[in-house]
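Just so you know, the sequence shown maps onto residues 1 to 516 in my numbering.
Step one of this worksheet: look at the structure below.
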Amino acid sequence: MTEREILNPSAIADLIRLQSDRLPEKVALHFEGKDFTYRDLNERSNRAAQALYSRGLKKGDRVAWLARNVATFWDVFFAAAKTGIVMTPINWRLAPAEVVQILNDAQAKVFVGEAMFVEPLKAIDAYAPPQTLLLESGGEDSFDALIDRQEAKEPDHTPERDDVVVQLYTSGTTGLPKGVLLTNRCYYEVGEAGAAAGVVMPKTDDETILHALPHFHIAGVNFGLMGIQRSMRIIQHRQFDPSAIVKDAQGDAPLNSFLVPAMIMMIVETAKAMELSLKKFVSISYGAAPMPEALLDSAMLAMPEAEFTQLYGMTETTGGVTVLDPKDHAKGKPQRVSAGKPLPGCSVKVCDPETGKEVSQGETGEIVIKSGFIMDGYWNRPEATQEAIRDGWYWSGDAGYLDENGFLYIVDRIKDMIISGGENIYPAELENILAGHPDLADVAVIGVPDEKWGEVVKVVAVKRIAVDVDEASVIDFLKDKIASFKLPRQVEFIPMLPRNPSGKILKTELRKMHKE
């Protein structure tokens, strides 16, 4: 066994056990000045398991988590995997009422969180807290102190293939969040696919994971696990801070990171402002939102040593479904704006969302996926599960098409499609073009009601600092690039676009702003 062999046991719980046996003194995690070895992580996960047992939890119970990316996350994650308890991270950026809604839905027996997020929940009428323990604080309610008091004894539980490991809530851009159930089976199968595709493969012994994605996001969980599977040291950031990331990039270690496009944009702009290099990035994986070609060019220029890999997937598919390899990112290749090809063991087709029939090559329809890493279903939502998974195929809600070489192109969300005068208009097409406008820092396209056409196109944009751009300039920039029926009828400038933590623009909020 070499250090770079990818470990992919059938149960997530065994991953940290194996690494503790193989590389007990190797640093696995660096967090805010402190190093944790694989032995440390394994022992702390055992203590955390005993802490959960001490509070009466058993297999199938939920432990809710409301905190930023503190090191204790991994203690609880592996503790849950070892006991059959289900870890349920909640988005700490949500409003207190939204957090309470998810907490109630999850039916958690124990609730662990940072005081700064837990305290505001007490003002919500619907809040009926389960046993609550606070992170990084003293007193009887300190979860870290409870862990420290426990014996580092392995839990008496044998994980099974169908044990739910984590219950992640969808971002809720188009409706109420749903709890996605991901099992040991899901993680084993996606691990096999990622290893076969060579995803996140380090080239040197000192290549280091730089991790700043939130742990309540599928990529935040998966990227950390990939680092542990590949025996790579993880530098864990409490939360995304572009200046802190740029500073880390001035160190000696080559960096491997997974970022959403909005994060990449902010890192590149911050590095320019700080007049610092990003040459230490040797691998950039990205996904969760479209990458405009203009931003890709800027990022590749700013990170000249980095290989870029795109992964397309979602929480319901345990992350990646397709991969666009570094070689396909070269300028001039048409597939560089695609989402790549299906991962090994994954089938992708495009179907008419109304009839369910597969469409012809090049024709746009709904992306439908079949693999061994499709979710087990939605927590307590049998009807929603049956609607999403039909005959073993997951209906993604994304619009796209396949080209003659098998590359998948994401066009937009089916529900974001604009129908104007009977013509279908996909906002992502216009957004990709407008990303090249020199005076626009950020842009989104939505459909708004119109008496004559049903809907018309509206551009909502953020101006770059110290520039003067108007509605006519934006429309003129598009005129020779798209059909006339796709041209915007309205352009509005705002200070900042609303986004969820994975970088997706909240178009429901933009439509609400338009109505108001």
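For glycine and all other residues, C-beta sits at the position ideal for the given N, C-alpha and C.
In terms of Cα proximity to L434, the closest of S473, D416 and F407 is S473. Beta-bridge annotation (DSSP): Y169 is paired with G179. Closest by C-alpha distance to R336, out of D144, E307 and D125, is E307. Distance check between A51 and each of V112, L103, H30 and V70 places V112 closest, using alpha-carbon atoms only. Along the segment 32-107, the beta strand (DSSP E) occurs as fully enclosed runs of 3 or more residues at 34-37, 62-66 and 86-89, listed in sequence order. D476: member of the alpha helix (DSSP H) spanning E471 to K479, first to last residue. About 15 angstroms separates the CB atoms of V99 and V63; that is not less than 8 angstroms, and the two are not in contact. Non-local beta-carbon contacts of D162 in its own chain, meaning distances under 8 angstroms to residues more than five positions away in sequence, involve T183, N184, R185 and D376 in chain order. Under the three-state reduction of DSSP, V348 is assigned to strand. Here S137 carries a coil assignment [DSSP, helix/strand/coil].
Cβ contact annotation for T364 (same chain, cutoff 6 angstroms, sequence separation greater than five): A399, Y401 and V411, in chain order. The Cβ-Cβ distance between L487 and K463 does not fall below 8 angstroms. By the CB criterion at 8 angstroms, Y409 and S360 fall outside the cutoff. For A115, there is no enclosing beta strand (DSSP E); the residue is part of the alpha helix (DSSP H) that begins and ends at A115 to V118. Looking at the DSSP output, I284 sits in a beta bridge with S257 and F308. Residue pairing of E492 in beta bridges, as defined by DSSP: V460. Collapsing the DSSP output to three states places I228 in a helix.
Shown here, Y127 sits in coil according to DSSP, grouped into three states, outside any helix or strand. Between I147 and A81 a beta carbon distance of about 16 angstroms is seen, past the 8 angstroms cut, so the two are scored as non-contacting.
In terms of CA proximity to E136, A145 leads the group S484, A145, K178 and K507. Taking the CA atoms as reference points, A152 sits about 18 angstroms from S142. Among the bridge pairs identified by DSSP, D162 is matched with none.
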